[in-house]
Amino acid sequence: MNPLRYLAPPTPYKELSTTNKKGLKERLSYAEALEHHPGLQLSAEKAELLHTYQQACETLLEEPGNLNAAMRMMQYEQSLEPTGGSLSSPAAPVNLSFDLATKVKLGEELDNLYSVWAVTRYRKYLPTGIQEEAAKHPSSTAADPWHTAFWTPFHGRLEAEAAAFKGVLAGENQHNECPTSILLMLLCDRHTVDWDETRALIRYAAEGAEGVIQGLPESDFGELLHTKDVAGLATRLARDESGWSCSTEYVLGVSTLLMGFFANTLADTLFETEEELMDPTKWEPKKVLRERLALAEGHEQAFRDLLQEMYVQMLVGSDDEDEAGFPGYDDFDDLDDDEWEEFEGDVEEGEEEDDGDESDEY
Numbered sequence: 001m002n003p004l005r006y007l008a009p010p011t012p013y014k015e016l017s018t019t020n021k022k023g024l025k026e027r028l029s030y031a032e033a034l035e036h037h038p039g040l041q042l043s044a045e046k047a048e049l050l051h052t053y054q055q056a057c058e059t060l061l062e063e064p065g066n067l068n069a070a071m072r073m074m075q076y077e078q079s080l081e082p083t084g085g086s087l088s089s090p091a092a093p094v095n096l097s098f099d100l101a102t103k104v105k106l107g108e109e110l111d112n113l114y115s116v117w118a119v120t121r122y123r124k125y126l127p128t129g130i131q132e133e134a135a136k137h138p139s140s141t142a143a144d145p146w147h148t149a150f151w152t153p154f155h156g157r158l159e160a161e162a163a164a165f166k167g168v169l170a171g172e173n174q175h176n177e178c179p180t181s182i183l184l185m186l187l188c189d190r191h192t193v194d195w196d197e198t199r200a201l202i203r204y205a206a207e208g209a210e211g212v213i214q215g216l217p218e219s220d221f222g223e224l225l226h227t228k229d230v231a232g233l234a235t236r237l238a239r240d241e242s243g244w245s246c247s248t249e250y251v252l253g254v255s256t257l258l259m260g261f262f263a264n265t266l267a268d269t270l271f272e273t274e275e276e277l278m279d280p281t282k283w284e285p286k287k288v289l290r291e292r293l294a295l296a297e298g299h300e301q302a303f304r305d306l307l308q309e310m311y312v313q314m315l316v317g318s319d320d321e322d323e324a325g326f327p328g329y330d331d332f333d334d335l336d337d338d339e340w341e342e343f344e345g346d347v348e349e350g351e352e353e354d355d356g357d358e359s360d361e362y
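Using the UniProt record's numbering, the letters of the sequence shown correspond one by one to residues 1 to 362.
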């Protein structure tokens, strides 16, 4: 059975006259994802057109009847249509609209990919008791934890589309030739995960999840401490926090709620993150980190001890930073699974319900 059967091909956007807020948000998501892509190489003129399109989407969400914004939006979308058509045989419209089931499916696969990778990296540093319990859990012996069966054909599609997607990033109208790459671009932006890192992980999973993941920065915490790579450690923790998901209860035997605690508190434990929050390489190390960086050896054990201390502190609970420099972890000592879920369909008081039929999640 085809593991990619849940990924439906994209269709054209709905006509602006018949679209709703969901349709406008979908267009805005495309513009933002393309603008954020690290491989984008547009000319100054095309970069300005993309930015204008993004502004038009934002304007129409606030002012649905704005004719100027509507005109700018339609002009940009028409400019994306493939060339080579004629009056008797017009070119096919550009297909950029993915259905909700397709986006949800790929989102779930991305969550699993990053969750398995995170647990694989964190597991040897977790408290001994947690490691022992994890080894007894049924999920610790999952037959295909990396979902190689899914990522192998998906990776094949990405490889086949590589030239066309590179053209899209350079402003060429080759969108219909690389739907899988565009879908992944949208989901990486939605899930706030790094494109290059995601591609390396997909390649790793597709090749059977054996050996060392190639093309990724150092991600072992003990090694980052040993080499005193403060910027690398900060970047790693920032990515772990933004990319972590609790979409399943356990991954490789480890509770995702517990992993969420570490992923969401390590950065604040080790760094002053208030200043330059958007750039983790500018975070300042706290005393807790400075002490461990000063060690001549034993960096792996030092990080293992750190997680043990954090775990105990979380169980005991404290409203304020303790003498060892740990922040208060009271918010994590009695979390229910519901507190990790997004309630995307809720409508704020005084806000009109969206007229679309798809979840706001995408």
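Think of the CB as a built atom: it goes at the ideal place given N, C-alpha and C, for glycine as much as any other residue.
This one's a predicted model, so the numbers in the text were calculated from it and none came from an experiment.
Using the Cα positions of PHE150 and LEU4, report the straight-line distance between them to the nearest angstrom. The alpha-carbon atoms of PHE150 and LEU4 are separated by roughly 7 Å.
Buried or exposed for GLN54, please, with buried defined as at least 16 other CB atoms from any protein chain shown within 10 angstroms of its CB. GLN54 is buried by the Cβ-count criterion.
Could you pull the DSSP bridge partners for PHE271 from this structure? Answer is PRO285.
Relative to the C-alpha of LEU50, which residue among GLU63, LEU80, PRO153 is closest? Here the closest residue by C-alpha is LEU80.
So the candidates are LYS228, GLU45, GLU109, MET310; which of them puts its Cα closest to the Cα of ILE202? Each of LYS228, GLU45, GLU109, MET310 was checked against the Cα of ILE202, and the nearest Cα belongs to GLU109.
Is it true that the CB of LEU293 sits closer than 8 Å to the CB of LEU237? Contact flag unset, no.
Closer than 8 Å is the cut-off here; do at least three beta carbon pairs connect the segment 179-198 with the segment 161-169? Because the criterion of three Cβ pairs below 8 Å is met, the segment 179-198 and the segment 161-169 touch.
Using CA coordinates, which residue listed in LEU100, GLY232, MET73 is at the minimum distance from THR11? The shortest Cα separation from THR11 among LEU100, GLY232, MET73 belongs to LEU100.
Own chain partners of VAL193 with C-beta closer than 8 Å, once the 5 adjacent residues on each side are dropped: Closer than 8 Å at the Cβ level, and outside the excluded window around VAL193, lie LEU110, TYR114, ARG239, SER242, GLY243.
Who are the Cβ neighbours of GLY222 in its own chain at under 7 Å, not counting the five residues just before and after it? Excluding positions up to five away in sequence, the list reads HIS299, GLU300, PHE303.
Using C-beta distances below 8 Å, list every residue in its chain close to PHE271, excluding the 5 sequence neighbours before and after it, in chain order. Cβ within range, chain order: ALA234, LEU237, PRO280, TRP283, GLU284, PRO285, LYS286, LEU289.
Verify the CB distance criterion: does LEU306 have a CB-CB separation below 8 Å to chain D? In the structure shown, chain D does not exist; there is a single protein chain.
Suppose the cutoff is 7 Å on Cβ atoms and the five residues either side in sequence are ignored; what does the same chain contact list for TYR125 look like? Counting only Cβ-Cβ distances below 7 Å, and skipping sequence neighbours, we find PHE221, PHE303, ARG304, LEU307.
Can you find the residues in the same chain that come closer than 6 Å, C-beta to C-beta, to VAL254, ignoring five residues on each side of it along the sequence? Sequence-distant partners of VAL254 (beyond 5 residues in either direction) whose C-beta falls short of 6 Å from its own C-beta, in its chain, are VAL119, ALA134.
CA nearest to the CA of VAL168, picked from THR128, ASN95, PRO145: Nearest neighbour of VAL168 by Cα position, chosen from THR128, ASN95, PRO145, turns out to be ASN95.
Give the straight-line distance between the Cα atoms of GLU309 and VAL116, rounded to the nearest whole angstrom. In this structure, the CA atom of GLU309 is about 24 Å from the CA atom of VAL116.
Please state the DSSP three-state secondary structure of SER86. In this predicted model, SER86 has a pLDDT of only 48, less than 50, meaning its place in the structure is not dependable enough to derive any value.
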